[in-house]
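Asker:
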Amino acid sequence: MSAVPLPPAVSAEPPPLRVRNRFASLGPSFFTELPAQGLPDPHWVAVSQACARDELGLPDDWAERESWQALQVFSGNALWPGMRPLASVYSGHQFGVWAGQLGDGRALWLAELEGPQGPREVQIKGSGLTPYSRMGDGKAVLRSSIREFLCSEAMHALGVPTTRALCVTGSPQPVRRETIETAAVCTRVAPSFIRFGHFEHFTHTAEDIEALRRLADFVIDAHLPECRDAAQPHAALLETAARRTAELMAHWQAVGFCHGVMNTDNMSILGLTIDYGPFGFLDAFDPGHVCNHSDHQGRYAFARQPNVAFWNLHALAQALMPLLSDADEAQAALEPYRTLFPRALEARMRAKLGLATERDDDRELIDGLLKRMAEDHTDFSIAFRALSSFGTADGADNRTVRDLFLDREAFDAWAARYRDRLRAEHSDDAARALAMKRVNPKYILRNHLAQEAIHRAQNGDFTEVQRLLKVLQRPYDEQPEHEAYAAFPPDWAQHIEVSCSS
Ligand code: AMP
Ligand code: MG
147 MSAVPLPPAV SAEPPPLRVR NRFASLGPSF FTELPAQGLP DPHWVAVSQA
197 CARDELGLPD DWAERESWQA LQVFSGNALW PGMRPLASVY SGHQFGVWAG
247 QLGDGRALWL AELEGPQGPR EVQIKGSGLT PYSRMGDGKA VLRSSIREFL
297 CSEAMHALGV PTTRALCVTG SPQPVRRETI ETAAVCTRVA PSFIRFGHFE
347 HFTHTAEDIE ALRRLADFVI DAHLPECRDA AQPHAALLET AARRTAELMA
397 HWQAVGFCHG VMNTDNMSIL GLTIDYGPFG FLDAFDPGHV CNHSDHQGRY
447 AFARQPNVAF WNLHALAQAL MPLLSDADEA QAALEPYRTL FPRALEARMR
497 AKLGLATERD DDRELIDGLL KRMAEDHTDF SIAFRALSSF GTADGADNRT
547 VRDLFLDREA FDAWAARYRD RLRAEHSDDA ARALAMKRVN PKYILRNHLA
597 QEAIHRAQNG DFTEVQRLLK VLQRPYDEQP EHEAYAAFPP DWAQHIEVSC
647 SS
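Numbering-wise, my numbering puts 617 at position 471 of the sequence shown, and it's gapless, one number per residue.
1) Please list, in chain order, all residues of the same chain as Phe-657 whose beta carbon is under 6 Å from its beta carbon, the five residues on each side excluded.
2) Hey, would you say the C-beta of Asn-438 is under 7 Å away from at least one heavy atom of ligand 2?
3) Within 10 angstroms of its Cβ, does Phe-551 collect 16 or more other Cβ (buried), or is it exposed?
4) First and last residue of the alpha helix (DSSP H) that includes Gly-282?
5) Secondary structure at Lys-271, three-state DSSP: helix, strand or coil?
6) Rounding to the nearest angstrom, what Cα-Cα distance links Trp-244 and Asp-607 in this structure?
7) Return the CA-CA distance between Lys-583 and Tyr-622, expressed in angstroms with no decimal places.
8) Beta-carbon distances below 5 Å to any heavy atom of ligand 2 define the shell here; list its residues in chain order, please.
9) Would Ala-192 and Leu-615 qualify as a contact pair, given that the criterion is a beta-carbon distance under 8 Å?
10) Quick check on Gln-240: does DSSP put it in helix, strand or coil?
11) Return the residue from the list Thr-609, Ala-388, Ala-376 and Asp-187 that minimises the CA-CA distance to Phe-456.
12) What are the boundary residues of the beta strand (DSSP E) that His-189 is part of?
13) Are there any heavy atoms of ligand 1 lying less than 7 Å away from the beta-carbon of Asp-432, as far as the coordinates show?
14) I'd like the list of long-range same chain contacts for Glu-629, defined as Cβ closer than 7 Å, with 5 residues on each side in sequence excluded.
15) Sorry if obvious, but does the Cβ on Cys-297 come closer than 7 Å to a heavy atom of ligand 1?
16) What whole-angstrom Cβ distance do Gly-500 and Ser-534 have, given they're in contact under 8 Å?
17) With a CB to CB cut of under 6 Å and the five nearest residues on each side skipped, what residues in its chain are close to Gly-316?
18) Leaving out five residues on either side along the sequence, give the residues of the same chain with a beta carbon under 6 Å from the beta carbon of Ser-440.
19) For Leu-259, which residues does DSSP report across the bridge?
20) Would you kindly work out how many angstroms separate the C-alpha atoms of Asp-549 and Gly-537, rounded to a whole number?
21) Do Ala-224 and Asn-167 have their beta-carbon atoms positioned less than 8 Å apart in this structure?
22) What is the residue span of the alpha helix (DSSP H) that Gln-619 lies within?
23) Indicate, with yes or no, if ligand 1 has a heavy atom lying under 7 Å from the CB of Asp-250.
24) Going by beta carbon distance, what residues of the same chain come within less than 8 Å of Glu-610, once the five residues before and after it are set aside?
25) Who does Arg-322 pair with in a DSSP beta bridge?
26) Pick helix, strand or coil for Thr-386, following the three-state DSSP scheme.
27) Can you tell me the Cα-Cα spacing of Arg-390 and Glu-510, whole angstroms?
28) Which partner residues of Leu-254 appear in the DSSP bridge assignment?
29) Buried or exposed for Ala-490, please, with buried defined as at least 16 other CB atoms from any protein chain shown within 10 angstroms of its CB.
30) Would you mind reading off the limits of the beta strand (DSSP E) that contains Leu-459?
31) Might you give, ordered along the chain, the residues of its own chain that have their beta carbon closer than 6 Å to the beta carbon of Gly-514, omitting 5 neighbours on each side?
32) Going by beta carbon distance, what residues of the same chain come within less than 8 Å of Phe-634, once the five residues before and after it are set aside?
33) Using DSSP with H/G/I as helix, E/B as strand and the rest coil, what is Arg-230?
34) Go through its chain and collect everything with a Cβ distance to Pro-482's Cβ below 8 Å, but skip five positions before and after it.
35) Taking only the alpha-carbon atoms, compute the straight-line gap between Ser-213 and Pro-160 and give it to the nearest angstrom.
36) Whole angstroms is fine: what's the gap from Ile-292's alpha carbon to Arg-494's?
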């Protein structure tokens, strides 16, 4: 526990939020309480009113109210009453290798606040050194904070389970990465930030099985109360994590999202997408796409994500072993992943193709399209969106989608099968188009869009971050005034290198 005095709470007129702080009640073996190293001379970079309203129930002017001092609070310079800044401790496997103790090296948990949909934990990332910073400086740069902010909110709007982002604040403070950049703080909001790595920590690093049990019971009581009714609640916890992770992977694969660093410390026990670093959305479809420039082996390539998630679930099972009856019980809890993931993905892909019924050979139809897209380097999101306007009538003009493929004959052969399949279920073109547009996004956070917003922000113009956020908050809607955001990536986008450096 730190003896460093905390900054004074801003108490003039705090927002009327009920503070709960259940995680903080777990006790000192789970975290270190310490103050943030706040940003000097902070300014707003971006805010998500949607997150503020939906997750915390804050009014639209929350960021500007003089007496609330939100800018100082979310830059790590002040606290609202009841906030208890702390860095949690976790461990994990990084790139398949046991890495030992990690922990919040640059994030602080501030509080658990009662929101309209239940309690939400609030965390500031980039708030300075903690006892778990290892070789790092505890800081985050503007570039990576904007990426995390935009992607959290974009994923939520896409319907993918994720931690949310409330805001980004910036500062002139220099931070050394490959070049000198400036510091920023991204504020994240989630029901819980507990990772697989928290469990691994107590089993393998601290070897404190009582703490492991307290953690598992805490997650069940606070977040997954349905597990309490199971014959073996801890096995139910593992099974729930497996089920939620299977759903999450189906979401990622269907929307073309590549996480980039699927280490066990970046896996949420609640099945949320967490820790946005060198992520990327697919442009041209390539199952082997590796979005993290530092991932030389391609361990976290797009098509490998579902298997990596299963590997990570085994690591979670290992960590939970002391609480389980035997290895068979662990195996049985993980087993649903094997059937759930392919079923969930197939359901999503069927919806992406506008199929209302299920047929045994749908998998072949789906794989046939993906094969064409892979061979022709077809843009993943543009192709699926274009497919929504596919016509099944004889002689229908399907050039919009056909022209996206290089091998037109091969596409025609696939399209003939697709047409027959749609006709067999009496699919109505107009109704199907509407349904398909609700699952095939038009607007995704492509690297080049993020890059442009970052470039402008680095030059003091934050309007593009806010504009891009607005576009991404309605990914399935036609936004005629924002066509450019749905265009093919420019040639220079191929050369954007995103590494772990953040
Ligand atoms: P990541 O791969 O980004 O999830 O980070 C792995 C671990 O390194 C986490 O425990 C982070 O808290 C920590 N970390 C990453 N960057 C920094 C930094 N600049 N300073 C301190 N710790 C960091
Ligand atoms: Mg991480």
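For each residue, glycine too, the CB sits at the ideal point set by N, CA and C. These numbers come from a predicted model, not from an experiment.
Answerer: Working from what's here:
1) In the structure displayed, the chain extends from 147 to 648; residue 657 sits before or after that span and is not available.
2) Locating residue 438 in the sequence shown gives position 292, counting from the first residue. Remark: the shortest separation between the CB of Asn-438 and any heavy atom of ligand 2 does not fall under 7 Å.
3) Numbered from 1 along the sequence shown, position 405 holds the residue referred to as residue 551. With 16 or more Cβ atoms within 10 Å of its Cβ, Phe-551 is classed as buried.
4) Numbered from 1 along the sequence shown, position 136 holds the residue referred to as residue 282. Unbroken run through Gly-282: none, as it is neither H nor E.
5) Numbered from its first residue, the sequence shown carries residue 271 at position 125. DSSP, read as helix, strand or coil, puts Lys-271 in strand.
6) Taking the first residue of the sequence shown as 1, we reach residue 244 at position 98. Taking the first residue of the sequence shown as 1, we reach residue 607 at position 461. Approximately 42 Å between the Cα atoms of the pair.
7) Counting from 1 along the sequence shown, the entry for residue 583 is found at position 437. Counting from 1 along the sequence shown, the entry for residue 622 is found at position 476. The alpha-carbon separation between Lys-583 and Tyr-622 amounts to approximately 6 Å.
8) Here the list is Asn-412 and Asp-421.
9) Taking the first residue of the sequence shown as 1, we reach residue 192 at position 46. Taking the first residue of the sequence shown as 1, we reach residue 615 at position 469. Yes; because the gap between Cβ atoms is below 8 Å, this pair is in contact.
10) The residue given as residue 240 occupies position 94 in the sequence shown. Three-state DSSP puts Gln-240 in a strand.
11) By one-based count along the sequence shown, residue 456 stands at place 310. For the residues Thr-609, Ala-388, Ala-376 and Asp-187, the minimum Cα distance to Phe-456 belongs to Ala-388.
12) Taking the sequence shown and counting its residues from 1, one reaches residue 189 at position 43. His-189 -> beta strand (DSSP E) spans 189-193.
13) For this step, residue 432 is matched to residue 286 along the sequence shown. Incorrect: Asp-432 has no Cβ contact closer than 7 Å to ligand 1.
14) Stepping through the sequence shown from its first residue, residue 629 is reached at position 483. Here the set comprises nothing.
15) Here residue 297 refers to the residue found at position 151 of the sequence shown. Result no, Cβ not under 7 Å from ligand 1.
16) Translated into positions along the sequence shown, residue 500 becomes position 354. Translated into positions along the sequence shown, residue 534 becomes position 388. Going by Cβ atoms, the distance from Gly-500 to Ser-534 rounds to 7 Å, so yes, they are a contact pair.
17) Looking up residue 316 in the sequence shown gives position 170. The answer, listed in chain order, is His-189, Val-191, Leu-288 and Ala-330.
18) Taking the sequence shown and counting its residues from 1, one reaches residue 440 at position 294. Cβ within range, chain order: Ser-645 and Cys-646.
19) Here residue 259 refers to the residue found at position 113 of the sequence shown. Leu-259 is bridged by DSSP to Val-165 and Arg-266.
20) Within the sequence shown, numbered from 1, the residue matching residue 549 stands at position 403. Within the sequence shown, numbered from 1, the residue matching residue 537 stands at position 391. Each residue's alpha carbon lies about 15 Å from the other.
21) Counted from its first residue, the sequence shown places residue 167 at position 21. Counted from its first residue, the sequence shown places residue 224 at position 78. Ala-224 sits away from Asn-167, with the two beta carbons spaced by 8 Å or more.
22) Translated into positions along the sequence shown, residue 619 becomes position 473. Neither: Gln-619 is in no alpha helix (DSSP H) and is coded neither H nor E.
23) Numbered from 1 along the sequence shown, position 104 holds the residue referred to as residue 250. Judged by the Cβ position, Asp-250 qualifies as a neighbour of ligand 1 at the 7 Å threshold, a heavy atom of the ligand being closer than this.
24) As a position in the sequence shown, residue 610 is number 464, starting the count at 1. Glu-598, Ala-599, Arg-602 and Ala-603.
25) Within the sequence shown, the letter at position 176 stands for residue 322. Beta-bridge annotation (DSSP): Arg-322 is paired with Ile-326.
26) If you number the sequence shown from 1, residue 386 lands on position 240. Of the three classes helix, strand and coil, the one that applies to Thr-386 here is helix, per DSSP.
27) Against the sequence shown, residue 390 aligns to sequence position 244. Against the sequence shown, residue 510 aligns to sequence position 364. Each residue's alpha carbon lies about 26 Å from the other.
28) Taking the sequence shown and counting its residues from 1, the one referred to as residue 254 is at position 108. According to DSSP, Leu-254 bridges with Ile-270.
29) By one-based count along the sequence shown, residue 490 stands at place 344. By the neighbour-count definition (other C-beta atoms within 10 Å, threshold 16), Ala-490 is a buried residue.
30) Locating residue 459 in the sequence shown gives position 313, where the first residue counts as 1. Premise fails: Leu-459 lies in the alpha helix (DSSP H), 451-466, not in any beta strand (DSSP E).
31) In the sequence shown, counting from the first residue as 1, residue 514 sits at position 368. Cβ within range, chain order: Trp-560.
32) As a working mapping, residue 634 is identified with position 488 in the sequence shown. If we look at Phe-634 and ignore the five residues flanking it on each side, its Cβ neighbours are Asp-429, Asp-525 and Ile-528.
33) Here residue 230 refers to the residue found at position 84 when the sequence shown is read from its first residue. Here Arg-230 sits in coil by DSSP.
34) Locating residue 482 in the sequence shown gives position 336, where the first residue counts as 1. The residues are Glu-385, Ala-388, Arg-389 and Ala-392.
35) Stepping through the sequence shown from its first residue, residue 213 is reached at position 67. Stepping through the sequence shown from its first residue, residue 160 is reached at position 14. Answer to the nearest angstrom: the Cα atoms are 7 Å apart.
36) Stepping through the sequence shown from its first residue, residue 292 is reached at position 146. Stepping through the sequence shown from its first residue, residue 494 is reached at position 348. Computed Cα separation, rounded: 29 Å.
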